[in-house]
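Data block below; observations after.
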Amino acid sequence: MIDVNTKKLGLIGYPLGHSISPLLHNSAFKQMALNYVYLAFQIKPEELVQGIKGIKALDIKGVNVTIPYKKKVMPFLKEIDDIAQKIGAVNTLVNKNGNFYGYNTDAYGFKKMLNQDGNFYIENKKALIIGAGGASRAVGIVLCENDIDELYIINRTEAKAKKLADEWKEKYAEVKITSGGLDKNFYNPFLKDMDLIVDTTSVGMEPKADVDPVIVADKFHSNMLVVDLVYNPPETTILKAAQKRGAETINGLNMLLYQAEKSFELWTGKSPDLENWFNLVKTEFLNEE
Ligand code: ATR
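Quick note, the sequence shown lines up with residues 201 to 489 if you use this note's numbering.
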């Protein structure tokens, strides 16, 4: 029951479309009898500064941060953890006595998904990232931080891939990093050597699920893991094509749950029941039994 002692948490972003976070966090609070509530706060871009002051004034204990504020909130924080700093984006704030601490739990979620669901360990592997947006930035940093051996990044707008590759090369001189466009002649020759492919683009996401994969999958093979950060539909066309070639596949749903798990732990000091979340998502969100 909500009372005077209820601790407030939430999500800030603009516009806030569908988000699974309120469902996850509130159900865990209920299950664990924690006196917290998680709400969605849509803050208009011109009101971001007042919004952040409001979080402090109303003693909201923490928030998730989503598009377009993952970078914009950074100047307001007292401390930013190392990986968030390197990615240049935070998705979780913790309010301690009026000071904000920033984290990037997407990074944690991505790594945990590779390890736990893919039985994949990054060190000394070779990977290809498709896409050069915000998600790609986080994925690249996690791979480089965990000693990937070789990294390729390709993107429809080649210049954006090159820009990210140049940034990473500067930070991680020991990783061999190459960028390019979505050109089959460019990527086909090295696909045979890849241990991991991560599609960070929105290609194949509902409502436009029935499209060709963002790259041609002819050279995918059975010794690779293919990850699509999209989870709706659960099997995008690139994952289906990868399975046909015998590759292991994972969609982005568990990453989403793991980032929420980490945020939950940062706010409450307790761990949510992930099994419960898996079931909840299956029944309430993906409409499966
Ligand atoms: P996110 O934060 O989820 O990464 P984003 O920053 O908008 O989202 O990035 C979207 C990525 O998907 C970009 O790499 C984009 O390519 P461009 O940089 O060329 O725009 C990629 N993308 C989106 N639609 C695409 C399509 N139809 N074909 C190929 N790439 C696409």
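Backbone N, C-alpha and C fix where the C-beta goes; we use that ideal spot for every residue, glycine too. Computed from a prediction, not measured in an experiment: that's the story for all the values here.
Counted within 10 angstroms of its Cβ, other Cβ atoms place residue i as buried (16 or more) or exposed
{"i": "Glu-323", "result": "exposed"}
{"i": "Met-201", "result": "exposed"}
{"i": "Ser-463", "result": "buried"}
{"i": "Ile-252", "result": "buried"}
{"i": "Glu-489", "result": "The pLDDT assigned to Glu-489 is 44, lower than 50, so where the model puts this residue is not dependable; a value taken from the coordinates is nonetheless given after this. With fewer than 16 other Cβ atoms within 10 Å, it is exposed."}
{"i": "Val-249", "result": "exposed"}
{"i": "Gly-340", "result": "buried"}
{"i": "Lys-296", "result": "exposed"}
{"i": "Glu-461", "result": "buried"}
{"i": "Phe-478", "result": "exposed"}
{"i": "Val-265", "result": "buried"}
{"i": "Gly-469", "result": "exposed"}
{"i": "Val-290", "result": "buried"}
{"i": "Leu-439", "result": "buried"}
Proximity test, residue i beta-carbon vs the ligand ATR heavy atom, cut-off 7 Å
{"i": "Ala-327", "result": "no"}
{"i": "Ser-402", "result": "yes"}
{"i": "Asn-355", "result": "yes"}
{"i": "Lys-159", "result": "For the chain, the structure presents residues 201 to 489; residue 159 sits outside this window and is missing."}
{"i": "Gly-217", "result": "no"}
{"i": "Ala-335", "result": "yes"}
{"i": "Ala-332", "result": "yes"}
{"i": "Val-414", "result": "yes"}
{"i": "Leu-382", "result": "yes"}
C-beta atoms of residue i and residue j nearer than 8 Å
{"i": "Cys-344", "j": "Tyr-372", "result": "yes"}
{"i": "Gly-333", "j": "Thr-400", "result": "yes"}
{"i": "Glu-260", "j": "Leu-209", "result": "Here the sequence assigns Ile to residue 260, which means Glu is not the residue at that position. Their beta carbons are under 8 Å apart, which means Ile-260 touches Leu-209 by this criterion."}
{"i": "Cys-223", "j": "Leu-480", "result": "Position check: residue 223 holds Leu in this sequence, whereas Cys was assumed. The answer is yes: Cβ separation under 8 Å."}
{"i": "Ile-283", "j": "Arg-337", "result": "no"}
{"i": "Leu-328", "j": "Phe-320", "result": "no"}
{"i": "Val-273", "j": "Trp-467", "result": "no"}
{"i": "Ile-220", "j": "Leu-456", "result": "yes"}
{"i": "Pro-268", "j": "Tyr-214", "result": "yes"}
{"i": "Val-414", "j": "Ile-330", "result": "yes"}
{"i": "Leu-429", "j": "Ala-335", "result": "yes"}
{"i": "Leu-391", "j": "Lys-362", "result": "no"}
{"i": "Asp-383", "j": "Met-424", "result": "no"}
{"i": "Gly-254", "j": "Thr-292", "result": "no"}
{"i": "Ile-397", "j": "Val-416", "result": "no"}
{"i": "Ala-447", "j": "Ser-422", "result": "yes"}
{"i": "Asn-299", "j": "Lys-278", "result": "yes"}
{"i": "Gly-404", "j": "Tyr-431", "result": "no"}
Three-state secondary structure (DSSP) of residue i
{"i": "Gly-497", "result": "Nothing can be reported for residue 497: it is not among the residues displayed for the chain, which extend from 201 to 489."}
{"i": "Glu-448", "result": "strand"}
{"i": "Ser-148", "result": "Here the chain has residues from 201 to 489 only, and residue 148 is not among them."}
{"i": "Ser-471", "result": "coil"}
{"i": "Gly-210", "result": "strand"}
{"i": "Val-342", "result": "helix"}
{"i": "Ser-463", "result": "helix"}
{"i": "Ile-280", "result": "strand"}
{"i": "Leu-234", "result": "coil"}
{"i": "Ala-373", "result": "coil"}
{"i": "Asp-366", "result": "helix"}
{"i": "Ala-441", "result": "helix"}
{"i": "Asn-264", "result": "strand"}
{"i": "Phe-420", "result": "coil"}
{"i": "Val-426", "result": "strand"}
{"i": "Thr-483", "result": "helix"}
Contacting residues, own chain, Cβ-Cβ under 7 Å from residue i (five flanking each side not counted)
{"i": "Leu-216", "result": "Ala-240, Gln-242"}
{"i": "Val-342", "result": "Ala-307, Phe-310, Lys-311"}
{"i": "Asp-412", "result": "Thr-437"}
{"i": "Pro-433", "result": "Glu-406, Ala-409"}
{"i": "Gln-231", "result": "Asp-473, Asn-476"}
{"i": "Tyr-458", "result": "Tyr-308, Gly-309, Lys-312, Met-313"}
Sequence-distant residues of the same chain with beta carbon closer than 6 Å to residue i, five excluded per side
{"i": "Asp-317", "result": "Ile-450, Asn-454"}
{"i": "Glu-350", "result": "Lys-326, Lys-376"}
{"i": "Gly-380", "result": "Ile-354, Phe-386"}
{"i": "Ser-402", "result": "none"}
{"i": "Asn-226", "result": "Tyr-238"}
{"i": "Arg-356", "result": "Leu-382"}
{"i": "Thr-206", "result": "Asn-235, Val-237"}
Test: residue i CB closer than 8 Å to a CB of chain B
{"i": "Ile-329", "result": "The structure shown contains no chain B; it is built from a single protein chain."}
Beta-carbon proximity list for residue i, same chain, < 8 Å, skipping 5 on both sides
{"i": "Asp-410", "result": "Thr-437"}
Any non-hydrogen atom of the ligand ZN closer than 7 Å to residue i Cβ
{"i": "Asn-319", "result": "The model on display carries the ligand ATR but not the ligand ZN."}
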